[in-house]
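Student: Protein chains in written order, with this note's numbering: chain A, 3 to 226; chain P, 3 to 226.
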């Protein structure tokens with residue numbers, strides 16, 4: 003089975019690596035990182051670079067299309083080359099996975115109308131504006147479409163998908179392999195329980211700091 | 003504050019990105035990826051490449067030294083250049099972070115004798131053999147040394163460290179930013195509760211499949 007992870011400038015690394023670390027360990031999985039061109043793609047922090055070794059033109063179909071989120075989603079929402087690629091490849095998949103506000107990218111590509119999905123807590127209205135029904139849950143499956151809440155929820159969504167693909171026992175073994183028995187400081191809860199001032203800080207970060215960094219900070223490595 | 007993340011061939015990506023995604027968002031943090039030479043370093047799957055843009059020779063001190071684990075730890079345990087670098091930089095840090103069996107690397111570098119630490123469930127005896135006391139917990143702090151259990155525990159350990167550095171409120175805001183309200187399929191628990199056959203599968207993977215892949219599978223990108 004082939005897992006194609008889409009990279010675009012300004013992705014959030016944990017959106018990718020949370021799900022990758024689970025799905026890459028499903029027996030028989032072949033993983034590839036795909037971007038508009040081969041080369042290094044910079045994360046939202048401008049300090050982490052991941053390597054794409056297939057271009058969009060080289061990947062016309064796949065088994066699992068995996069779309070992360072991040073501050074780079076905002077400019078990517080008007081990137082026609084990316085949106086056309088997502089739409090084209092999605093039509094060929096067995097599974098399509100949207101993480102965080104990467105769900106908005108899939109929606110902008112026209113793949114989410116009438117679908118039931120989840121997304122990052124701060125992107126629910128935006129994703130709903132594309133005609134999707136958005137649930138305030140950590141992950142959700144609607145047919146072949148698996149979506150997750152923000153960033154770290156990629157781990158939970160991928161474990162659920164691993165169970166769908168290879169069975170509960172394989173998923174439980176992968177869980178042991180990544181020792182995923184979380185014990186977050188602060189205990190259980192959800193984004194909806196977070197204090198209003200923390201939500202306001204994150205919103206302000208997403209609306210001002212993150213875009214300014216994307217536009218203005220040069221990565222310390224050469225990007226394609 | 004400066005966060006220096008050590009890369010070596012065959013790291014496990016989530017060991018790095020789990021903690022990076024938390025610590026990079028601590029206000030004022032400067033992140034750098036460091037390896038024996040600048041360039042792309044391949045993860046244990048041989049399918050994910052991360053960019054190092056500082057060499058060991060360029061980094062003589064730091065505030066936070068961050069050491070991930072992975073199948074690459076086994077060959078790295080006899081890599082004198084890496085061990086000397088870890089020992090030298092550790093002597094200058096405010097915090098030293100060991101994730102998963104990366105704790106064994108720090109121990110082999112001579113930094114863990116008499117310390118109380120944790121590590122990946124399958125590496126406890128090995129780490130203890132270097133003179134550390136190993137606790138079966140998700141993360142632990144002993145003085146300036148913060149250690150975590152396997153892979154995904156890097157998130158919990160880093161949130162705890164973020165609270166030590168910048169306060170509980172900042173850590174809680176970062177937690178919201180990465181939407182870390184885990185809901186793993188299978189519910190709560192720990193590696194110690196996992197079925198014996200799952201443990202045997204992971205041990206076999208670590209002892210045979212992962213080393214064979216490291217030695218025999220060429221990454222689809224050029225490494226340094």
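All C-beta atoms in this analysis are idealised placements derived from N, C-alpha and C, irrespective of residue type, glycine included.
Keep in mind the model is a prediction, meaning the values are calculated, not measured.
Got a sec, what are the start and stop residues for the beta strand (DSSP E) residue 11 (chain P) sits in?
Tutor: Stepping through the second chain from its first residue, residue 11 (chain P) is reached at position 9. Counting along the chain, residue 11 (chain P) falls outside any beta strand (DSSP E), and DSSP gives it neither H nor E.
Student: For residue 175 (chain P), name the three-state secondary structure that DSSP assigns.
Tutor: The count along the second chain starts at 1 and reaches residue 175 (chain P) at position 173. Correct three-state label for residue 175 (chain P): helix.
Student: Does any residue of chain A bring its CB to less than 8 Å from the CB of residue 253 (chain P)?
Tutor: The first residue shown for chain P is 3 and the last is 226, placing residue 253 (chain P) beyond what the model contains.
Student: If you drop the 5 nearest sequence neighbours on each side, which residues of the same chain put their C-beta closer than 6 Å to that of residue 173 (chain P)?
Tutor: Your numbering for residue 173 (chain P) matches position 171 in the second chain. Taken in chain order, the residues that qualify are 161, 164 and 165.
Student: Would you list the residues sitting across from residue 227 (chain P) in a DSSP beta bridge?
Tutor: Outside the shown range of chain P, which is 3 to 226, sits residue 227 (chain P), and nothing can be said about it.
Student: Which full runs of the beta strand (DSSP E) of 3+ residues lie inside the region 34-88 of chain A, going along the chain?
Tutor: 41-44, 51-54 and 66-69
Student: Within the same chain, show all residues whose beta-carbon is closer than 6 Å to that of residue 37 (chain P), passing over the 5 residues directly before and after it, in chain order.
Tutor: The residue labelled residue 37 (chain P) in the question sits at position 35 within the second chain. Here the set comprises 9, 43 and 54.
Student: For chain P, check one thing: does any of its Cβ atoms lie closer than 8 Å to the Cβ of residue 50 (chain A)?
Tutor: Taking the first residue of the first chain as position 1, residue 50 (chain A) is located at position 48. Yes, its Cβ sits closer than 8 Å to a Cβ of chain P.
Student: Tell me whether the beta-carbon of residue 176 (chain P) lies closer than 8 Å to the beta-carbon of residue 27 (chain P).
Tutor: The residue you call residue 176 (chain P) lines up with position 174 of the second chain. The residue you call residue 27 (chain P) lines up with position 25 of the second chain. Their beta carbons are under 8 Å apart, which means residue 176 (chain P) touches residue 27 (chain P) by this criterion.
Student: I need the straight-line Cα distance from residue 119 (chain A) to residue 21 (chain A), nearest angstrom please.
Tutor: Here residue 119 (chain A) refers to the residue found at position 117 when the first chain is read from its first residue. Here residue 21 (chain A) refers to the residue found at position 19 when the first chain is read from its first residue. Cα to Cα, residue 119 (chain A) sits roughly 17 Å from residue 21 (chain A).
Student: Out of A:124, A:215, A:140 and A:154, point me to the one whose CA is closest to residue 203 (chain A)'s CA.
Tutor: Position 201 of the first chain, counting from 1, holds the residue named residue 203 (chain A). When only C-alpha atoms are compared, the closest one is A:124.
Student: Using the three-state DSSP reduction, which class does residue 131 (chain P) fall into: helix, strand or coil?
Tutor: Within the second chain, numbered from 1, the residue matching residue 131 (chain P) stands at position 129. Coil, per DSSP.
Student: Consider the Cβ of residue 103 (chain P): report whether some Cβ of chain A lies at a distance smaller than 8 Å.
Tutor: In the second chain, counting from the first residue as 1, residue 103 (chain P) sits at position 101. Judged by the 8 Å Cβ criterion, residue 103 (chain P) is not in contact with chain A.
Student: Thinking C-beta only, is residue 192 (chain P) closer than 8 Å to residue 180 (chain A)?
Tutor: Counted from its first residue, the first chain places residue 180 (chain A) at position 178. Counted from its first residue, the second chain places residue 192 (chain P) at position 190. Between residue 180 (chain A) and residue 192 (chain P), the CB-CB gap reaches or exceeds 8 Å.
Student: Name, please, each residue of chain A whose Cβ falls closer than 7 Å to the Cβ of residue 222 (chain P).
Tutor: What you label residue 222 (chain P) is simply residue 220 of the second chain in a count that begins at 1. Counting only Cβ-Cβ distances below 7 Å, residue 222 (chain P) has contacts in chain A at 55, in chain order.
Student: Any chance the region 127-134 of chain P sits against the region 207-226 of chain A, with 3 or more Cβ pairs inside 8 Å?
Tutor: Flag = no, the region 127-134 of chain P and the region 207-226 of chain A do not touch.
Student: Where DSSP assigns a beta bridge to residue 141 (chain A), which residues make up the other side?
Tutor: The residue you call residue 141 (chain A) lines up with position 139 of the first chain. Residue 141 (chain A) is bridged to A:150.
Student: Relative to chain A, which residues along the region 152-165 of chain P have a C-beta separation below 7 Å, given in chain order?
Tutor: The residues in question are 152, 153, 154, 155, 157, 158, 161, 162 and 165.
Student: Which whole-angstrom value describes the C-beta separation of residue 92 (chain P) and residue 113 (chain P), a residue pair presumed to lie in contact below a C-beta threshold of 8 Å?
Tutor: To locate residue 92 (chain P), count along the second chain from 1; it is residue 90. To locate residue 113 (chain P), count along the second chain from 1; it is residue 111. Right, the Cβ-Cβ distance comes to about 5 Å (below 8 Å), so this counts as a contact.
Student: What is the DSSP secondary structure of residue 101 (chain P), counted as helix, strand or coil?
Tutor: Against the second chain, residue 101 (chain P) aligns to sequence position 99. Residue state, collapsed to three classes: strand.
Student: Which residue marks the beginning of the alpha helix (DSSP H) containing residue 117 (chain A), and which one marks its end?
Tutor: Position 115 of the first chain holds residue 117 (chain A). Element bounds for residue 117 (chain A): n/a, residue is neither H nor E.
Student: Under 8 Å between C-beta atoms, does residue 175 (chain P) make it to chain A?
Tutor: Here residue 175 (chain P) refers to the residue found at position 173 of the second chain. It does: the Cβ of residue 175 (chain P) has a partner Cβ on chain A nearer than 8 Å.
Student: Would DSSP call residue 24 (chain A) helix, strand or coil?
Tutor: Residue 24 (chain A) sits at position 22 when you count from the first residue of the first chain. Residue 24 (chain A): helix per DSSP, three-state reduction.
Student: What residue range is occupied by the uninterrupted alpha helix (DSSP H) comprising residue 213 (chain A)?
Tutor: Counted from its first residue, the first chain places residue 213 (chain A) at position 211. 212-218 is the span of the alpha helix (DSSP H), which, as asked, contains residue 213 (chain A).
Student: Please report how far the alpha carbon of residue 90 (chain P) lies from the alpha carbon of residue 81 (chain A), in whole angstroms.
Tutor: One-based indexing of the second chain puts residue 90 (chain P) at position 88. One-based indexing of the first chain puts residue 81 (chain A) at position 79. For residue 90 (chain P) and residue 81 (chain A), the distance between alpha carbons rounds to 46 Å.
Student: Going straight from the alpha carbon of residue 59 (chain A) to that of residue 40 (chain A), what length do you get?
Tutor: Position 57 of the first chain, counted from the start, is the residue given in the question as residue 59 (chain A). Position 38 of the first chain, counted from the start, is the residue given in the question as residue 40 (chain A). Near 10 Å, if we compare the C-alpha coordinates of residue 40 (chain A) and residue 59 (chain A).
Student: Run the CB neighbour count on residue 14 (chain A), radius 10 Å, all protein chains shown included, and call it buried at 16 or more, exposed below.
Tutor: Within the first chain, residue 14 (chain A) is the residue found at index 12, counting from 1. Buried, because 16 or more other Cβ atoms sit within 10 Å of the Cβ of residue 14 (chain A).
Student: So for residue 208 (chain A), helix, strand or coil by DSSP?
Tutor: Translated into the one-based positions of the first chain, residue 208 (chain A) becomes position 206. Helix, per DSSP.
Student: Quick one, which of P:25, P:189 and P:216 has its alpha-carbon nearest residue 168 (chain P)'s?
Tutor: Working through the second chain from its first residue, we reach residue 168 (chain P) at position 166. Considering only alpha carbons, the answer is P:25.
Student: List the DSSP bridge partners of residue 32 (chain A).
Tutor: Sequence index remark: in the first chain, residue 32 (chain A) carries index 30 (1-based). Paired residues: A:4.
Student: Less than 8 Å separating the beta-carbons of residue 4 (chain A) and residue 32 (chain A)?
Tutor: Locating residue 4 (chain A) in the first chain gives position 2, where the first residue counts as 1. Locating residue 32 (chain A) in the first chain gives position 30, where the first residue counts as 1. Yes. Within cutoff.
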